[in-house]
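Reading through the structure tokens given below for one structure.
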Amino acid sequence: MPIRSFIPPYILDRMIDRGSPYLRSCARETLDHVQSLQPNPGPPRPTAIAELGELRTPGHPQRRIHDAEQRMQLPGTLRRREGQSASGDPAVDEAYDALGATYTFFWQVFQRDSIDDLGMPLIGTVHYGQGYENAFWNGEQMVFGDGDGELFQRFTRSLDVVAHELAHGLIESEVALVYYNQPGALNESVSDVFGVLTKQYALGQTAAEADWLVGAELLTDKVQGVALRSMANPGTAYDDPLLGRDPQPAHMCDFIETREDNGGVHLNSGIPNRAFHLAAIALGGYAWEQAGRIWYATICDPQLPNDADFATFAGVTLQQATRLFGRGSSEAEAVQQAWLQVGVSPR
Amino acid sequence: MKMPALGPETSLRISRQGGLVAAPALARPRQIEFADCDPAQRRGLCSVVERCLPIASKDVGRGDQRFFKVELHYRREDSDAEMILQIAEERAPQELLRLWQDGAIPDPPG
Chain A
1 MPIRSFIPPY ILDRMIDRGS PYLRSCARET LDHVQSLQPN PGPPRPTAIA ELGELRTPGH
61 PQRRIHDAEQ RMQLPGTLRR REGQSASGDP AVDEAYDALG ATYTFFWQVF QRDSIDDLGM
121 PLIGTVHYGQ GYENAFWNGE QMVFGDGDGE LFQRFTRSLD VVAHELAHGL IESEVALVYY
181 NQPGALNESV SDVFGVLTKQ YALGQTAAEA DWLVGAELLT DKVQGVALRS MANPGTAYDD
241 PLLGRDPQPA HMCDFIETRE DNGGVHLNSG IPNRAFHLAA IALGGYAWEQ AGRIWYATIC
301 DPQLPNDADF ATFAGVTLQQ ATRLFGRGSS EAEAVQQAWL QVGVSPR
Chain B
1001 MKMPALGPET SLRISRQGGL VAAPALARPR QIEFADCDPA QRRGLCSVVE RCLPIASKDV
1061 GRGDQRFFKV ELHYRREDSD AEMILQIAEE RAPQELLRLW QDGAIPDPPG
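Which chain is which? The protein sequence lines are A and B, in order. Take the first sequence: its position 191, counting from 1, is numbered 191 in this note's numbering, and each next residue is one higher. Take the second sequence: its position 22, counting from 1, is numbered 1022 in this note's numbering, and each next residue is one higher.
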């Protein structure tokens, strides 16, 4: 269909308005490709997953890394499967290694066998789209863009981002928190929590040593910022002419009521993120041993409803802290104080 | 969902939402006032919205997947009304993408 006319936007888009020709062309190329959209074949067929599942080997992941070759069709061409040597493609090998590190974290710390605890294969696709500045979990696999190269680098560079996407799958297979409003923000927060814990575990960092940043490896030098999010200080990750300012609140008094972003799921997640950080710092040592254990037990608790708000979720973390470490324990006290510090009263 | 009758007081807003990166600038909202458009442009805008109707869904965005939000604000029987459509990124028609990206209005059908 021919384009007939152009009209100026009422709200000026900063990226379009101030972005470089290359940045604009990346977006354009993505759109041009989408133009040729044939029906997306969707994620790997369930039968293929079942076939891979037959190889289940508890304690060892089953990874499959595909290459979308800058297109937006999934899963793409298989580039590296479990046990094969490095491909030489950094995105393929980063995805392979990061999914392996994430599997190792969940297995060694929580004795969990993959996303579903049934050895589900870890399927990833890299080089998705052209200049694609996102990573996501589509219900059956993880997908990573290369970034536009000006603001964002390839999304496989951050272990915590790869682990974040895998954690979305894990959450879906457990509590399946509704992706809207407060339960949606909890869904995002829990993914951030296990994303950073995976990185801290891989690096052997204590809570005090960790940077508590999400996606610190993604922003280019041109961006005025340090990461996509800060769990220690939500709202401070970036303040950039092109990207805007990190909008995350750190306390319930700044909670954002909005219909955007599924009710602000990536915004208000700053509040429970900070609660986890405060609890982990108060307890000291390795964050996955106490705070992480409590959060993991919480999302696996059948008593946690899928539409839990912050107060309900906080209440279950407190119950789990008490169950795991005892009533009046320093762990239970730290968890309670952490929630109160961000303005959430556990229910 | 059916296409409402849209008069010259209608406002159309398109934004891209969701995704791992919640940076405000990435939404790139674009708002178009029907009052600023001629009749052919309005028909072109309506054709874009009509193409979105059958693929709109409330269940979008899970797991950091991006989606487009199409908002129509219009008058119906002397009162304000709105219609909101959410379109998964991979299902978005080319015309919607171009309208959001460039403000490019397609020729009206027929």
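No residue lacks a Cβ here, since even glycine has one placed at the ideal position from N, Cα and C.
- Three or more beta-carbon pairs separated by less than 8 Å are not found between the region 191-206 of chain A and the region 85-93 of chain A, which leaves the two stretches without contact.
- Judged by DSSP secondary structure, Pro1106 (chain B) falls within the beta strand (DSSP E) whose first and last residues are 1104-1106.
- The C-alpha of Ile299 (chain A) lies about 35 Å from the C-alpha of Gln130 (chain A).
- For Leu1020 (chain B), a Cβ of chain A is located within less than 8 Å of the residue's own Cβ.
- Classified as exposed, Gln84 (chain A) has fewer than 16 neighbouring CB atoms from the shown chains inside 10 Å of its CB.
- Chain A places a beta carbon closer than 8 Å to that of Asp1064 (chain B), counting this residue as a contact.
- Taking 8 Å as the CB threshold, Glu1082 (chain B) stays off the interface with chain A.
- The distance from the Cβ of Leu267 (chain A) to that of Ile256 (chain A) is about 5 Å, consistent with a contact at the 8 Å cut-off.
- For Val342 (chain A), there is no enclosing beta strand (DSSP E), as DSSP gives it neither H nor E.
- Around the beta carbon of Pro1008 (chain B), a 10 Å sphere encloses fewer than 16 other beta carbons of the protein chains shown; the residue is thus reported as exposed.
- For Thr258 (chain A), no alpha helix (DSSP H) run applies, since DSSP gives it neither H nor E.
- Taking 8 Å as the CB threshold, Gly1110 (chain B) stays off the interface with chain A.
- At least one C-beta of chain B is nearer than 8 Å to the C-beta of Val161 (chain A).
- Below the 7 Å Cβ cutoff, chain B contributes Ala1023, Pro1024, Ala1025 as neighbours of Gly244 (chain A), in chain order.
- Between the alpha carbons of Val214 (chain A) and Ala1088 (chain B) lies a distance of about 25 Å.
- Using a 10 angstroms sphere on the CB of Asp221 (chain A), the tally of other CB atoms stays under 16, which defines it as exposed.
- When only Cα atoms are considered, Gln320 (chain A) and Ala250 (chain A) end up about 24 Å apart.
- Taking C-beta atoms as the reference points, Val190 (chain A) and Trp295 (chain A) count as a pair closer than 8 Å.
- The C-beta of Glu1090 (chain B) comes closer than 8 Å to at least one C-beta of chain A.
- Residue burial annotation: Asp192 (chain A) is buried, with at least 16 other C-beta atoms found within 10 angstroms of its C-beta.
- In the structure shown, Ala1035 (chain B) falls within a helical segment according to DSSP collapsed to helix, strand and coil.
- A Cβ of chain B is located within less than 8 Å of the beta carbon of Tyr179 (chain A).
- Taking C-beta atoms under 8 Å as the contact rule, Ala279 (chain A) and Ala338 (chain A) qualify, at a distance of about 4 Å.
- Contact between Asp113 (chain A) and Trp107 (chain A) is confirmed by a C-beta separation of about 7 Å, below the 8 Å threshold.
- Using beta-carbon distances, Ala135 (chain A) counts as an interface residue toward chain B, with a partner under 8 Å.
- Nearest neighbour of Ser1057 (chain B) by Cα position, chosen from B:Gln1065, B:Arg1098, B:Gln1086, turns out to be B:Gln1086.
- DSSP places Arg112 (chain A) in the coil class of the three-state scheme, outside both helix and strand.
- In the displayed model, Thr1010 (chain B) falls within coil according to three-state DSSP, outside both helix and strand.
- Membership of Ala185 (chain A) in the alpha helix (DSSP H) is indicated by the continuous run 181-203.
- Bounds of any beta strand (DSSP E) do not take in Ser329 (chain A), whose DSSP letter is neither H nor E.
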